[in-house]
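A short worksheet on the structure shown next.
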Amino acid sequence: MSANTNGKTLAALFRRGGEYVSVWLDYGNGKAEITIEREAPERPIAGALLGRTEPYWKPSGEGRVIRFGPAASGLFQAGAFDIETFGEKILAIRPLYDYKGSRVLRSMVGRKVDEALVLLERAGGFPVTYAVAFARAVEDGVSEEGVRVRRTLLELERLHNHLHSVRKLAGDASQKVATMQFAAMEEEVLRTMAELTGHRYGAGAVRVGGFRLRDVSALERLGDIEREFPGLEDELEDSKTFLDRLHRTCTLSRDDVLELDSVGLAARGSGVPRDVRSFDPYYEGYRPVTEKEGDALARMLVMMDEIKHSLRIISETEIRSSEGRQDGSREGLHMGVAEGPHGDVLVLVEVRDGRVRWIGVRGASRVNYVAFCRGITGNIFTDFPFGLHSFGMNFADAGLWQGGEE
Amino acid sequence: MWIVRGLKKGVITGRYPEEVREEELPPYVPAEAPRKCPFGAVRKGRLDLSACLYCGLCNVGFERRTEMSRIENPLTFRRSLHVFFLDVGTCHLCNREVSLLTGPHYDIHRLGIFFVPTPKHADVLLVAGCPTEEMVPVLREAYELMPEPKRVVVMGSCAQGAICRSRVEDHVPVDGYIDGCPPSPISVMDGLLKVAGRSER
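Those protein sequence lines, which keep their order, are chains A and B.
Using my numbering, you'd call the opening residue of the first sequence number 327 and step up by one each time.
Using my numbering, you'd call the opening residue of the second sequence number 684 and step up by one each time.
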């Protein structure tokens with residue numbers, strides 16, 4: 327057990343055959359444990375992991391309840407929040423995950439593993455992270471070159487997502503030039519990804535047991551971003567009007583993180599170094615970036631540092647081949663996990679005769695929307711976008727599905 | 684200073700529709716019809732792009748292509764276009780691509796196309812995603828709220844029924860389709876210019 331990460335977290339909870347399948351993960355040493363019980367574990371995050379957010383809904387009765395979303399709220403995605411307010415202050419809030427529904431995941435059951443991977447890439451907004459987590463669960467292994475390719479792809483995904491989140495935060499504060507500068511870098515990374523993989527978001531590059539790329543020389547395009555980013559970072563972090571909007575906004579204490587089993591940016595921004603990369607064999611000796619304040623500024627600073635780490639990791643990783651495959655998927659129930667831009671994605675999948683028979687997926691957003699709601703309670707409405715965009719999450723990642731042949 | 688940084692960066696906006704650079708085009712379009720597709724995109728030997736997930740499992744060669752949209756019923760007015768984007772169950776990638784349309788590489792405002800925060804002000808409802816049970820009533824209400832003349836354009840394979848239980852056109856009349864998974868920003872711009880009746884180059 328690691329004192330820093332506080333030992334085991336309830337990383338995922340699925341229903342299967344009338345029982346509760348709990349996945350416990352110790353982010354300090356990477357040890358995972360699966361328990362199957364008749365009752366759900368008594369852990370505050372259990373409700374959210376099962377898709378229920380009523381346990382976190384504690385209205386004071388002093389205000390009115392409004393539903394914020396799912397179409398014209400400015401969230402720009404099919405998701406919503408119930409918010410209790412008397413006009414300015416957020417008195418109580420909870421996320422609603424059902425608008426995204428189960429969508430494509432249901433059709434994974436019965437598919438061959440390589441087809442199921444294609445569907446999972448189109449599930450939660452982070453195709454590379456989902457693909458790596460799934461591939462790890464079902465494959466026999468991957469070559470050293472495959473490890474280098476996947477590490478590069480994961481960091482590219484982190485890079486364009488973090489740039490996207492910082493762009494949104496700058497936009498929330500009407501920092502027009504900064505918004506456009508970060509949007510330009512985001513687009514540049516997406517074009518790099520398109521040349522490298524044939525898909526702007528990297529779908530199709532990770533294969534079960536291997537990988538497939540188009541043009542490995544595409545990574546040279548990132549040189550411009552490496553040169554430009556430090557100056558933009560200095561400029562943005564020197565803008566007091568911008569930083570004031572983030573400072574002490576949507577603050578999560580370390581105790582909040584530990585109580586709510588928060589992961590990813592939510593945890594690291596509050597000083598809890600939960601990062602799968604710290605024990606991931608794809609990364610040797612990676613030390614998670616953390617900040618202590620727990621507010622939107624702290625999470626943005628984590629993203630800024632991670633952008634530099636991602637650029638460094640990509641530049642230090644040499645990729646020589648565009649295709650690599652190791653035959654064979656494994657049978658049985660297995661787990662895979664990978665650290666995405668927002669937090670980790672965990673896949674529990676059962677394969678029989680080369681086909682998916684049961685699958686459960688937990689994206690970090692499912693957990694971290696609850697953390698956001700804890701942090702934004704007591705803030706005012708104008709703080710809302712700053713808090714939300716500092717977590718880098720989305721409702722597709724929160725509204726995933728579990729099920730299959732029982 | 685931000686203004687100096689902005690000036691130093693220069694103009695990076697593409698010149699679409701006057702001209703289009705190769706790197707702006709969607710990178711993953713099958714160059715030929717594969718023999719078979721596990722997701723049903725090949726029917727009677729023909730490739731149906733609306734059902735293609737652009738996943739590469741078919742192992743045919745891929746190309747970049749300009750024409751990725753089909754508009755069946757364009758508007759006849761020649762003025763600015765106001766668009767309401769509605770996610771009815773995306774994986775979030777369509778949302779990301781639409782959000783980049785107002786970024787410096789595409790700057791869709793230069794074409795007189797604007798996103799509005801309510802369907803009441805929209806000429807076009809741009810819909811993405813697999814319609815989920817919870818979003819179908821929202822989709823119908825958004826359509827009803829739009830003033831005439833109005834058009835619905837769907838973007839992405841999901842909205843057109845690929846790997847989903849229902850299509851957007853099962854719930855509201857659809858006037859145009861933009862292919863891709865997700866469609867590239869240029870493909871979305873192309874579809875919106877066509878639905879505005881301004882597709883001549």
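Quick reminder that beta carbons are idealized off the backbone N, C-alpha and C, glycines included.
Taking a contact as a CB-CB distance under 8 Å, the pair A418(A) and P385(A) counts as one, their CB atoms being some 4 Å apart.
Around the Cβ of D352(A), a 10 Å sphere holds 16 or more other Cβ atoms; the residue is buried. With a threshold of 16 other beta carbon atoms within 10 Å, P856(B) falls short and is exposed. Taking a C-beta cut-off of 8 Å against chain A, the contacting residues of the stretch 808 to 819 of chain B are G812, C813, T815, E816, E817 and M818, listed in chain order.
Proximity of R341(A) to chain B, defined by a Cβ-Cβ separation below 8 Å, is not satisfied. Taking the CA atoms as reference points, S733(B) sits about 16 Å from L809(B). Between the alpha carbons of D806(B) and I791(B) lies a gap of roughly 16 Å. Residue pairing by DSSP places Y860(B) opposite R753(B) and V837(B) in a beta bridge. Membership of V515(A) in the alpha helix (DSSP H) is indicated by the continuous run K502 to T523.
For E441(A), the chain B residues whose C-beta falls within less than 9 Å of its own C-beta are P721, F722, C738 and L740, listed in chain order.
Under the 8 Å Cβ criterion, the stretch 569 to 579 of chain A does not count as touching the stretch 675 to 685 of chain A, having fewer than three qualifying pairs. The beta carbons of D498(A) and F717(A) sit no closer together than 8 Å. Residues A459, F460, A463, G662 and V687 of the same chain have their beta carbon placed closer than 6 Å to that of V673(A), with the five preceding and five following residues left out of the count. CA-to-CA, the gap between A520(A) and E514(A) works out to about 10 Å.
Against chain A, a Cβ distance below 9 Å from S752(B) picks out nothing, because the smallest value is about 17 Å. When C-alpha distances from A338(A) are compared across V671(A), R364(A) and P614(A), the shortest belongs to V671(A). If you compare the alpha carbons of E483(A), V473(A) and D581(A) with that of Y608(A), the shortest gap goes to V473(A). Counting only Cβ-Cβ distances below 7 Å, C774(B) has contacts in chain A at R448, A449, G450, G451 and A722, in chain order. Bounds of the alpha helix (DSSP H) holding M629(A) are A622 to E642. As the crow flies, the alpha-carbon of G373(A) is around 22 Å from that of V598(A).
In this structure, Y737(B) sits away from Y699(B), with a CB-CB distance that is not shorter than 8 Å. Interface with chain A (8 Å Cβ-Cβ cutoff): G689(B) is included. For A697(A), same chain residues with a beta-carbon under 6 Å away, outside a window of 5 residues either side, are L578, L586, S588 and A592 in chain order. F712(A): not part of any beta strand (DSSP E); member of the alpha helix (DSSP H) spanning F710 to H715, first to last residue. In the displayed model, R613(A) falls within coil according to three-state DSSP, outside both helix and strand. Counted as a single uninterrupted DSSP element, the stretch harbouring L539(A) is not any alpha helix (DSSP H), since DSSP gives it neither H nor E. Taking F568(A) as the centre and dropping the five residues before and after it, the same chain places the C-beta of A499 and Q501 closer than 6 Å to its C-beta, in chain order. Taking C-beta separations shorter than 6 Å and ignoring five residues to either side along the sequence, the partners of R600(A) in its chain run T331, Y353, V589 and A593, following chain order.
The Cβ of Y425(A) sits closer than 8 Å to at least one Cβ of chain B.
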